[in-house]
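Chains as they are written, first to last, in the numbering used here: chain A, 128 to 401; chain B, 128 to 401; chain C, 128 to 401; chain D, 128 to 401.
Step one of this worksheet: look at the structure below.
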């Protein structure tokens with residue numbers, strides 16, 4: 128529960144643990160630092176865990192008008208300077224994976240390892256129009272249209288069916304939340320900020336090991352986008368999670384933790400048996 | 128261009144060709160008999176082709192109030208009686224695949240071969256809520272919200288990108304169309320008519336060869352639903368189309384034609400090499 | 128049951144049917160024209176079917192010493208000249224797919240449509256060494272080592288289990304056959320003839336529609352090789368057969384027939400719905 | 128470098144590190160405790176690492192006559208008693224995964240976490256006959272036939288091509304090794320010991336979290352076998368490694384380490400975001 132200011136705008140962050148490799152966990156679009164509460168104990172045992180809210184998320188400043196990922200990358204730059212960290216490990220999910228990738232491409236020397244869950248190297252035309260669909264639904268009265276546009280599609284077919292009670296509960300809680308004008312406007316701005324995201328041509332800058340986790344039933348980031356990203360990254364290590372949707376840290380929390388912590392805390396390169 | 132009446136309600140149909148195995152082509156939800164115009168010549172060379180509009184589609188009667196697939200199955204029953212056809216081959220896409228499957232389960236003796244593109248044996252909870260998202264978007268003013276909710280997601284990521292001009296053109300034509308109240312209401316009713324579709328427990332009735340075509344990038348009917356369906360069908364023959372979305376007859380028209388015509392016009396069972 | 132001579136060497140062939148598009152069916156390495164007997168009736172109803180034995184197969188001449196695909200391509204050239212056919216449709220499986228592809232790359236104007244089952248555009252290093260394993264096993268006494276090296280791996284895991292009786296019968300028949308010195312020597316030469324096959328850089332010559340059928344459980348021609356091939360072909364139409372191994376015409380005879388006949392007898396290009 | 132005796136037969140083992148969750152790493156069929164040398168430092172930082180040789184491997188006793196997995200399971204039982212460990216985490220690859228699974232099914236209370244790479248819950252008929260092919264090739268003179276039968280097929284198509292130098296070097300070293308009669312006889316016995324392995328019906332005994340790692344290009348343990356295994360395990364966590372073959376710890380050593388260490392060192396169950 129801490130904060131710093133960047134150009135007069137508050138950036139909210141939290142840190143846990145003291146030793147080990149630092150891990151900066153970056154949020155998906157509808158998340159906040161608070162979303163990671165159940166992961167904190169596990170992530171701070173062997174590592175220093177850093178959580179933050181992007182602008183227009185959780186405890187960080189609200190924006191007005193359009194912006195793109197550059198301001199979120201600036202927030203990360205500011206946070207690392209504030210914490211006096213010259214190098215960090217980054218794990219991001221969805222929006223956080225893409226902002227994290229943008230940061231790594233800009234500052235490859237500041238990122239030791241990069242773990243990307245459910246993110247691509249660009250906003251493909253199909254994803255762009257899915258985002259526009261969400262924003263159009265946000266303009267309808269109440270929160271139901273937005274809920275139905277944005278939530279079911281982020282789960283796998285099997286999770287959605289096997290956790291019907293949990294989904295019903297989420298709907299009950301989220302429809303009023305999405306019905307709030309301030310929430311809608313933040314989500315519209317965040318979604319819009321990804322519309323022109325494209326670092327495909329800059330991936331060659333990455334020299335560190337990069338973990339790319341694809342969920343087999345991720346309808347937003349299909350396999351093809353993961354292949355486009357992996358082809359451009361020198362040390363890409365790919366994993367596919369079967370029967371898992373876009374929100375892999377929800378559907379497969381143990382695998383999310385295992386992959387992230389294992390990847391960041393393992394050594395590399397020496398493991399070749401002669 | 129012909130019609131007959133069922134309980135006072137018009138059913139529109141077309142027939143082409145005279146000889147060979149008859150093929151009844153069943154429409155997807157946003158299609159009509161007219162959608163198949165470019166396929167007519169090919170499908171009527173060796174076969175008798177039959178097209179029809181479901182209720183609330185094209186030239187058939189408009190409904191009021193809620194209904195389910197039973198009335199569409201009744202339309203098929205009526206059409207076969209009207210044409211004096213005791214046995215037919217059925218090829219359906221999406222909604223048409225599901226109504227066709229429902230008909231075959233009810234009348235297995237009337238279906239010689241069944242070719243199912245992009246359809247499942249039930250409306251899974253995720254698909255049900257995607258349908259509700261479309262209907263919620265239909266309630267927004269104009270046609271843009273509905274277009275964005277329902278159209279991008281039926282294409283594959285790669286087709287959507289590689290045919291950006293065609294998609295832009297579709298958007299230009301479809302947004303005003305979807306903005307029409309009468310169109311919205313029909314589509315809402317058709318979508319609602321599938322909400323409780325589930326013939327998983329009745330698939331054992333099918334003794335004929337069934338072709339199941341899965342598009343690898345079909346975000347509405349994922350692989351799992353195809354596997355659930357195939358497991359229940361005694362003579363299921365499965366094919367997967369890579370880099371193809373829900374509208375397989377749009378994205379892969381040659382494969383759609385080849386698979387349907389080849390499957391219906393080939394003999395079965397004798398082809399085992401000793 | 129006919130033959131012609133090429134440079135003094137016999138080429139055995141068979142033709143069936145008279146009208147329709149001609150289809151030249153090319154054998155896999157352990158097959159002969161006789162292998163297709165159960166398919167003849169179906170393939171000659173709407174088409175003129177042409178079967179042939181490659182050199183070192185069935186009724187065609189035995190070779191001595193090493194050779195490559197060029198002599199098999201010459202046999203096709205000779206057969207077309209003999210039959211006075213200037214253009215033909217080619218369907219090949221495995222070895223036959225690769226020789227057929229080599230022919231099409233050399234004579235793109237002579238091939239109207241090309242259907243390739245379980246073949247690639249090159250012999251990848253792994254496949255080369257699998258072939259060497261077969262040939263090394265052929266040098267062991269008797270036919271069991273060769274049978275075990277070459278036969279189980281061409282079936283899918285599921286087919287092998289579900290047709291245990293059929294496989295036991297095949298083993299009983301094939302072990303003595305593979306124990307024959309003349310048979311072993313032919314198979315060694317045929318396998319060796321593919322060792323340097325590579326037309327990846329020549330695929331741009333192909334302007335005709337090409338059907339590429341991948342079996343999901345084909346351990347000899349993995350998905351990656353199919354993607355390498357498809358990327359180089361302008362009008363590639365891809366299909367994946369789940370739960371199917373390298374011998375797709377054995378495991379899925381109805382789909383083999385449907386795909387080949389449907390692809391060759393369907394028109395192309397006009398099928399785009401506006 | 129230590130040993131104990133079981134019924135008069137030596138079992139060789141090594142231990143590293145002192146604290147943290149103990150990890151017992153179980154070998155594939157052609158491996159020994161020495162194969163893990165490059166992994167020791169990484170695996171013993173946060174954990175106590177235990178390596179062992181199965182009977183007929185490395186420093187453990189040679190057998191005579193046929194046996195099955197029961198003697199290898201007895202070796203594990205003996206080792207845990209010798210080390211006074213009542214509960215352990217097990218990670219196994221291939222043969223080691225299957226023996227480890229057999230141990231866990233017999234002693235579910237002794238296994239805290241189980242990580243299974245490239246192993247199934249049974250020896251399917253196809254795999255049985257692939258094993259017989261290896262053993263038949265072992266009976267040929269010299270080591271080349273065995274090398275070609277058993278080695279290429281354990282790599283992915285892409286690894287085999289991209290590491291041609293390494294493969295050539297392996298061939299140079301392994302052909303003489305496999306040409307040794309004593310080595311051949313051990314490998315034949317080890318392969319035979321798996322022939323009747325089948326614990327599919329006993330998987331319900333497992334209550335601990337089980338990590339199942341499938342390599343997409345594993346020609347020995349296809350996806351279907353992994354699905355059969357996963358269906359029977361209550362807390363199965365599945366991961367697929369694309370472009371990876373049967374020897375996943377060779378082809379993807381960083382992912383092997385990350386998955387194993389992350390899975391064993393992460394907590395479970397609390398990670399569900401409300």
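C-beta atoms are modelled at their ideal positions from N, C-alpha and C, and glycine is treated no differently.
Since this is a predicted model, take the numbers as computed values, not measurements.
{"Check": "Sub-8 angstroms separation of residue 156 (chain C) and residue 318 (chain C) beta-carbons", "Outcome": "yes"}
{"Check": "Contacts that residue 363 (chain A) makes with chain D (C-beta to C-beta distance below 9 angstroms)", "Outcome": "Neighbours of residue 363 (chain A) on chain D: none; closest Cβ ~10 angstroms, over 9 angstroms."}
{"Check": "8 angstroms Cβ cutoff met for residue 322 (chain D) and residue 272 (chain C)", "Outcome": "no"}
{"Check": "Other residues of its chain near residue 236 (chain A): CB distance less than 8 angstroms, five sequence neighbours each side excluded", "Outcome": "214"}
{"Check": "Beta-carbon spacing of residue 378 (chain A), residue 274 (chain A) below 8 angstroms", "Outcome": "no"}
{"Check": "Proximity test, Cβ basis, 8 angstroms: residue 384 (chain A) and chain D", "Outcome": "yes"}
{"Check": "Residues of the region 282-312 of chain B with Cβ closer than 7 angstroms to any Cβ of chain A, in chain order", "Outcome": "282, 284, 285, 287, 288, 291"}
{"Check": "Cβ-heavy atom distance, residue 261 (chain A) to the ligand COA, below 7 angstroms", "Outcome": "For the ligand COA, the structure offers nothing, since it holds no ligand at all."}
{"Check": "Span separating the alpha-carbon of residue 268 (chain D) from that of residue 306 (chain D)", "Outcome": "7 angstroms"}
{"Check": "First through last residue of the beta strand (DSSP E) which encompasses residue 296 (chain C)", "Outcome": "Here residue 296 (chain C) belongs to no beta strand (DSSP E); instead the alpha helix (DSSP H) covers 291-305."}
{"Check": "Amino acids of chain F, ordered along the chain, whose beta-carbon sits closer than 7 angstroms to that of residue 393 (chain D)", "Outcome": "Included in the structure are the protein chains A, B, C and D, with no chain F among them."}
{"Check": "Three-way DSSP call (helix, strand, coil) for residue 190 (chain B) in this model", "Outcome": "coil"}
{"Check": "Assumed close pair residue 370 (chain B), residue 281 (chain B) - CB separation to whole angstroms, cut-off 8 angstroms", "Outcome": "Going by Cβ atoms, the distance from residue 370 (chain B) to residue 281 (chain B) rounds to 15 angstroms, so no, they are not a contact pair."}
{"Check": "Sub-8 angstroms separation of residue 284 (chain D) and residue 388 (chain C) beta-carbons", "Outcome": "no"}
{"Check": "Inter-residue Cα distance where the pair is residue 401 (chain C) and residue 164 (chain B)", "Outcome": "Residue placement at residue 401 (chain C) cannot be trusted, given a pLDDT of 43 that sits under 50; the coordinates are not used to answer."}
{"Check": "Residue 280 (chain C), enclosing alpha helix (DSSP H) - first and last residue", "Outcome": "Neither: residue 280 (chain C) is in no alpha helix (DSSP H) and is coded neither H nor E."}
{"Check": "Selection from B:162, B:313, B:187, B:151 that minimises the alpha carbon distance to residue 129 (chain B)", "Outcome": "B:187"}
{"Check": "C-alpha distance - residue 419 (chain A) paired with residue 390 (chain D), whole-angstrom precision", "Outcome": "This structure leaves residue 419 (chain A) out entirely; chain A is present only between 128 and 401."}
{"Check": "Three CB pairs or more closer than 8 angstroms across the region 136-143 of chain C and the region 178-185 of chain C", "Outcome": "yes"}
{"Check": "Of the residues C:353, C:335, C:336, the one placed nearest residue 343 (chain C), counting alpha carbons only", "Outcome": "C:353"}
{"Check": "Closest by C-alpha distance to residue 334 (chain B), when choosing among B:359, B:348, B:315", "Outcome": "B:359"}
{"Check": "Any C-beta of chain D under 8 angstroms from that of residue 248 (chain C)", "Outcome": "no"}
{"Check": "Span separating the alpha-carbon of residue 185 (chain B) from that of residue 161 (chain B)", "Outcome": "8 angstroms"}
{"Check": "Per-residue DSSP class, three states only, for residue 366 (chain A)", "Outcome": "strand"}
{"Check": "Proximal residues of chain C, C-beta to C-beta of residue 251 (chain D) below 8 angstroms", "Outcome": "284, 287, 288"}
{"Check": "Contact set for residue 320 (chain B): own chain, Cβ-Cβ below 7 angstroms, skip 5 residues either direction", "Outcome": "194, 195, 196"}
{"Check": "Within chain C, the residues that residue 352 (chain D) reaches when beta carbons sit closer than 9 angstroms", "Outcome": "284"}
{"Check": "Local conformation of residue 402 (chain D) per DSSP, three classes", "Outcome": "There is simply no residue 402 (chain D) to check, as chain D begins at 128 and stops at 401 in what is shown."}
{"Check": "Cross-chain neighbours of residue 367 (chain C) in chain B, by beta carbon under 8 angstroms", "Outcome": "343, 366, 367, 368, 369"}
{"Check": "Whether residue 276 (chain A) touches residue 265 (chain B) by CB criterion (8 angstroms)", "Outcome": "no"}
{"Check": "Cut-off 8 angstroms between Cβ atoms - residues of its own chain near residue 324 (chain A), not counting five sequence neighbours on either side", "Outcome": "195, 196, 225, 229, 249, 250"}
{"Check": "In DSSP terms, what residue 137 (chain D) is bridged to", "Outcome": "D:132"}
{"Check": "Three-state class that DSSP yields for residue 76 (chain A) in the structure shown", "Outcome": "Shown here, chain A extends from 128 to 401; a query on residue 76 (chain A) therefore has no answer."}
{"Check": "Same chain only: Cβ atoms within 6 angstroms of residue 398 (chain A), ignoring 5 sequence neighbours per side", "Outcome": "Because residue 398 (chain A) sits at a pLDDT of 47, beneath the cut-off of 50, its placement in the model cannot be relied upon, and the point is left open."}
{"Check": "Distance between residue 315 (chain C) and residue 190 (chain C) (C-alpha atoms, nearest Å)", "Outcome": "11 angstroms"}
{"Check": "Backbone CA spacing between residue 243 (chain C) and residue 158 (chain C) [nearest angstrom]", "Outcome": "16 angstroms"}
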